[in-house]
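S.K.: If you read the protein sequences in the order shown, they are chains L and A.
The first sequence begins at -12 in the numbering used here and counts up one residue at a time.
The second sequence begins at -12 in the numbering used here and counts up one residue at a time.
The beta carbon of each residue, even a glycine, is placed where N, CA and C say it ideally should be.
2 protein chains.
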Amino acid sequence: MGGDHAPAEVIDGAILALEDGAHVILVGDQERIEPLLEERGVEIPVAHASQVIDFHDDAARAIRDKRDASIVVAARLVKDGEADAMVSAGSTGAVMAAATFLIGRLPGVTRAGIASIYPTGHVILDVGANIECKPEHLVQFAVMGAALATVYVHIDNPTVGLLNIGEEPTKGRDVERAAYQLLMDSAAVNFVGNVEGRDIATKKADVIVTDGFTGNVFLKSTEGAGKAIQQMIMETVAQPAYAEHVAGLMPAFLELRERLSAETVGGAHLVGTQGVVVIAHGSSSRFAIRNAIRIATEGADSGLVRKISAGIEAAVH
Amino acid sequence: MGGDHAPAEVIDGAILALEDGAHVILVGDQERIEPLLEERGVEIPVAHASQVIDFHDDAARAIRDKRDASIVVAARLVKDGEADAMVSAGSTGAVMAAATFLIGRLPGVTRAGIASIYPTGHVILDVGANIECKPEHLVQFAVMGAALATVYVHIDNPTVGLLNIGEEPTKGRDVERAAYQLLMDSAAVNFVGNVEGRDIATKKADVIVTDGFTGNVFLKSTEGAGKAIQQMIMETVAQPAYAEHVAGLMPAFLELRERLSAETVGGAHLVGTQGVVVIAHGSSSRFAIRNAIRIATEGADSGLVRKISAGIEAAVH
């Protein structure tokens, strides 16, 4: 029921996911979902949920007050082992609250985080769950991000960098200086030191950790830079003399646009709970939903939660 | 004497600037500079400075201990009215310290800031002078950034946005929430509310204000995104089938690269002191130095400091 185009677009995404071999349970209002399934001649099990949490609701309160909301019911399916993962294009705050309070945090995790996997293969977290963090949270993010890099980017022993404004250990605010030391001292983290925003274009670190405010700015500013450059490219090649060559390169442009598209990525990963939780963008098309289901399935199949849990245990001891 | 290629490259940049009509005084070691000028058959006045502050020096201490350092001598020329502006490719910290302590802050300015003007025309500050800020500093940055947008981007009454992680006034950390209110209440600022990183691709705000940590991450991550996209474009068009069209578009690519280059920008603006101060990148080529001198001249000619001062006065009263 979540997202700008629910439930039809979400259903269409789920249908595409079935073709990928995923096992999907749709969670939401049966009376709205079933006619749409019938129209499409497809059978997908539906877990009924009579309520919806929207973006205006206070998330923490909503998951208590709306016990039959689709996000709450979906989280309960994961909690009860009836589902291996949860995907939502609904309110990020509500997904976080439901996952944290209903599915529950992993032992040793004091803050769940939201991670984004870049088209470059870099894992960045936190990108918005915790706007202020303590140094020990950043260590947990490092461990959880490394598990994501292992599963989704297929990197053994991923390197971790701390997002900062310079390389030296003394750079940054108190939180970065303290986190630097903790990360350096942690045997569970393959720490390579401070990295900078420009390292999104280098292989210096596979995983980049930061607080949720800075990470969110990082995420959106790289996205903004991508759009600005795309606009500049269009302006620059708009001359008639270039038209033939632009046409000739169109397949390459489309391939690149696909590679950079948020649709292709599918969603962000909420990590630190006892379930696999994927947060899709509110504006997700069916293709984004399909990809979100794909990465949720991949996370469940590859034992993402077990890997994170093992990492946290190693970091704590 | 500052920067990776000093003094030869800086001298060559100054020679290019002479062709633009700039009046240049070179500040540094006469015995090293004069033979290079002679070799080139050019006469440029030299203000002798026997010492150099390097990147390893503690900036605040260095400007006290090395009273004959080129950065200190250059700042004194501005202070004494013998120069209208100062350009340095040396240590950013030393330039800041020299400008703040020797040239002096403008009345009402409690923190000088470093501003970057993007190829998109957006003015962003602070990008690194103050890693932690109070709400009132962000108001001062708003006023100073607006003066820069007026002078360099030729915008009347520029709009100002507060860099945040969402549009609502309640978003962000304590500093953003308090700054939002101050900016909203300030008659001296044309405040349009919160903006996000992706607004570097929109016209929502001409000036974007934030603390120096976040601004530095913003600056470097957009730079990194630009590089990453450039790499992806190169990979994508590397197929032989595209070669002819790539060659055909080469002039457009070069034009775009030029537009996006830090060399073209010339340098960042240290604002809030009683002088025009431009900080060029340490790796500046002669062309970057020429552009840095061009923007310094432009700032001096257009009364940048007077405009900033008037804005601060309006904001304080």
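According to DSSP, which residues form a beta bridge with Met306 (chain A)?
M.R.: This structure leaves residue 306 (chain A) out entirely; chain A is present only between -12 and 304.
S.K.: Do Thr251 (chain L) and Ala9 (chain L) have their CB atoms nearer than 7 Å?
M.R.: Sequence index remark: in the first sequence, residue 251 (chain L) carries index 264 (1-based). Sequence index remark: in the first sequence, residue 9 (chain L) carries index 22 (1-based). Not in contact: Thr251 (chain L) and Ala9 (chain L) (Cβ atoms no closer than 7 Å).
S.K.: Quick check: what's the CA-CA separation for Ile31 (chain L) versus Met(-12) (chain L)?
M.R.: Looking up residue 31 (chain L) in the first sequence gives position 44. Looking up residue -12 (chain L) in the first sequence gives position 1. Taking the straight line from one Cα to the other gives about 15 Å.
S.K.: Is any beta-carbon of chain A found at less than 7 Å from that of Gly213 (chain L)?
M.R.: Residue mapping note: residue 213 (chain L) aligns to position 226 of the first sequence, counting from 1. Yes - at least one Cβ of chain A is within 7 Å of the one on Gly213 (chain L).
S.K.: Per the contact definition of three or more C-beta pairs closer than 8 Å, is the segment 167 to 181 of chain A in contact with the segment 202 to 215 of chain A?
M.R.: Cβ pair count under 8 Å is below three, so no.
S.K.: Checking contacts by CB at 7 Å: is Phe274 (chain L) closer than that to chain A?
M.R.: Translated into the one-based positions of the first sequence, residue 274 (chain L) becomes position 287. Answer no: the Cβ-Cβ gap between Phe274 (chain L) and chain A never drops below 7 Å.
S.K.: Mapping the DSSP letters down to three states, classify Gly0 (chain A) as helix, strand or coil.
M.R.: Counting from one through the second sequence, the residue named residue 0 (chain A) turns up at place 13. Three-state result, Gly0 (chain A): helix.
S.K.: What does a CB cutoff of less than 7 Å around Val233 (chain L) pick up in its chain, not counting 5 residues either side in sequence?
M.R.: For the purposes of this step, residue 233 (chain L) is identified with residue 246 of the first sequence, where counting begins at 1. Counting only Cβ-Cβ distances below 7 Å, and skipping sequence neighbours, we find Val224.
S.K.: Check Leu257 (chain L) in the structure and name its three-state DSSP category.
M.R.: The residue labelled residue 257 (chain L) in the question sits at position 270 within the first sequence. Here Leu257 (chain L) sits in strand by DSSP.
S.K.: Is there a Cβ from chain L that is less than 7 Å from the Cβ of Lys207 (chain A)?
M.R.: Position 220 of the second sequence, counting from 1, holds the residue named residue 207 (chain A). Yes, its Cβ sits closer than 7 Å to a Cβ of chain L.
S.K.: Along chain A, in chain order, which residues have C-beta atoms closer than 9 Å to that of Tyr139 (chain L)?
M.R.: In the first sequence, counting from the first residue as 1, residue 139 (chain L) sits at position 152. Per Cβ cutoff of 9 Å: no residues; Tyr139 (chain L) is ~18 Å from chain A at best.
S.K.: Taking Asp186 (chain A) as the query, report the chain L residues whose CB atoms sit under 7 Å from its CB, ordered along the chain.
M.R.: Stepping through the second sequence from its first residue, residue 186 (chain A) is reached at position 199. Within 7 Å Cβ-Cβ: Gly211.
S.K.: Residues of the segment 87 to 103 of chain L with a CB closer than 7 Å to any CB of chain A: list them in chain order, please.
M.R.: Listed by position along the chain: nothing, the set is empty.
S.K.: Tell me which residue opens and which closes the alpha helix (DSSP H) that Leu170 (chain A) is part of.
M.R.: To locate residue 170 (chain A), count along the second sequence from 1; it is residue 183. Where Leu170 (chain A) is concerned, the enclosing alpha helix (DSSP H) stretches over 161 to 172.
S.K.: Please report whether the beta-carbon of Val224 (chain L) lies at a distance below 7 Å from any beta-carbon of chain A.
M.R.: Taking the first residue of the first sequence as 1, we reach residue 224 (chain L) at position 237. Val224 (chain L) counts as touching chain A.
S.K.: Alpha carbon to alpha carbon, what distance is there between Gly148 (chain L) and His43 (chain A)?
M.R.: Start at 1 with the first residue of the second sequence, and residue 43 (chain A) comes out as number 56. Start at 1 with the first residue of the first sequence, and residue 148 (chain L) comes out as number 161. Going by the C-alpha atoms only, they are around 23 Å apart.
S.K.: Which residues of chain A have a Cβ atom closer than 8 Å to the Cβ of Arg164 (chain L), listed in chain order?
M.R.: Counting from 1 along the first sequence, the entry for residue 164 (chain L) is found at position 177. Chain A residues near Arg164 (chain L): none, gap ~11 Å exceeds 8 Å.
S.K.: Can you give the beta carbon distance from Gly253 (chain A) to Val292 (chain A), rounded, assuming they're within the 8 Å contact cut?
M.R.: Residue 253 (chain A) sits at position 266 when you count from the first residue of the second sequence. Residue 292 (chain A) sits at position 305 when you count from the first residue of the second sequence. Not really, about 18 Å apart at Cβ, beyond 8 Å.
S.K.: Given that Ala239 (chain L) touches chain A, what residues does it touch there, using C-beta distances under 7 Å?
M.R.: Residue 239 (chain L) sits at position 252 when you count from the first residue of the first sequence. Neighbours of Ala239 (chain L) on chain A, chain order: Thr223, Val224, Tyr229.
S.K.: If you draw a straight line from the alpha carbon of Ala46 (chain L) to that of Arg281 (chain L), how long is it in whole angstroms?
M.R.: Numbered from 1 along the first sequence, position 59 holds the residue referred to as residue 46 (chain L). Numbered from 1 along the first sequence, position 294 holds the residue referred to as residue 281 (chain L). Each residue's Cα considered, the two are about 26 Å apart.
S.K.: In three-state DSSP terms, what is Ala302 (chain A)?
M.R.: Counted from its first residue, the second sequence places residue 302 (chain A) at position 315. Correct three-state label for Ala302 (chain A): helix.
S.K.: Would you say Ala36 (chain L) and Asp55 (chain L) are within 7 Å of each other, going by their C-beta atoms?
M.R.: By one-based count along the first sequence, residue 36 (chain L) stands at place 49. By one-based count along the first sequence, residue 55 (chain L) stands at place 68. Yes, they are a contact pair.
S.K.: Who are the neighbours of Glu119 (chain A) on chain L, taking C-beta pairs under 8 Å?
M.R.: The residue you call residue 119 (chain A) lines up with position 132 of the second sequence. What Glu119 (chain A) touches in chain L: Arg160.
S.K.: How big is the Cα-Cα spacing for Val126 (chain A) and Leu169 (chain A)?
M.R.: Position 139 of the second sequence holds residue 126 (chain A). Position 182 of the second sequence holds residue 169 (chain A). Cα to Cα, Val126 (chain A) sits roughly 7 Å from Leu169 (chain A).
S.K.: For Ala34 (chain L), which beta-bridge partners are listed by DSSP?
M.R.: In the first sequence, residue 34 (chain L) corresponds to position 47, counting from 1. DSSP, once it has assigned bridges, lists L:Val14 as partnering Ala34 (chain L).
S.K.: Per DSSP, Thr305 (chain A) forms a beta bridge with which residues?
M.R.: With chain A covering -12 to 304 only, the question about residue 305 (chain A) has no answer from this structure.
S.K.: Could you check whether the Cβ of Asn203 (chain L) sits closer than 7 Å to any Cβ belonging to chain A?
M.R.: Here the question's residue 203 (chain L) lines up with position 216 in the first sequence. At least one chain A Cβ lies under 7 Å of Asn203 (chain L).
S.K.: Taking the beta carbon of Ser328 (chain A) as the centre, do at least 16 other beta carbons fall within 10 Å, making it buried, or is it exposed?
M.R.: Examination of residue 328 (chain A) is not possible in this model, given that chain A is present from -12 through 304 alone.
S.K.: Kindly list, in the order they appear in chain A, the residues whose Cβ is closer than 7 Å to that of His124 (chain L).
M.R.: Counted from its first residue, the first sequence places residue 124 (chain L) at position 137. In chain order: nothing, as chain A lies at least about 15 Å away.
S.K.: Kindly indicate which three-state DSSP category Ser78 (chain L) falls into: helix, strand or coil?
M.R.: Counted from its first residue, the first sequence places residue 78 (chain L) at position 91. If DSSP states are grouped into helix, strand and coil, Ser78 (chain L) belongs with coil.
S.K.: Could you list which residues in chain L have their beta carbon closer than 9 Å to that of Met219 (chain A), in chain order?
M.R.: Reading the second sequence from its first residue, position 232 is the one you call residue 219 (chain A). Ordered by position in chain L, the residues that pass the 9 Å Cβ test against Met219 (chain A) are Pro106, Thr107, Leu243, Arg246, Leu247.
S.K.: Per DSSP, which residues does Ser296 (chain A) bridge with? Please list them.
M.R.: Working through the second sequence from its first residue, we reach residue 296 (chain A) at position 309. Bridge partners of Ser296 (chain A): none, in fact.
S.K.: Would you tell me roughly how many angstroms separate the C-alpha atoms of Leu3 (chain L) and Pro106 (chain A), rounded to the nearest one?
M.R.: In the first sequence, the residue the question calls residue 3 (chain L) occupies position 16. In the second sequence, the residue the question calls residue 106 (chain A) occupies position 119. So the two alpha carbons sit approximately 41 Å from each other.
S.K.: Does the beta-carbon of Asp(-1) (chain L) have 16 or more other beta-carbons within 10 angstroms, so that it is buried, or is it exposed?
M.R.: Taking the first residue of the first sequence as position 1, residue -1 (chain L) is located at position 12. Flag for Asp(-1) (chain L) reads buried.
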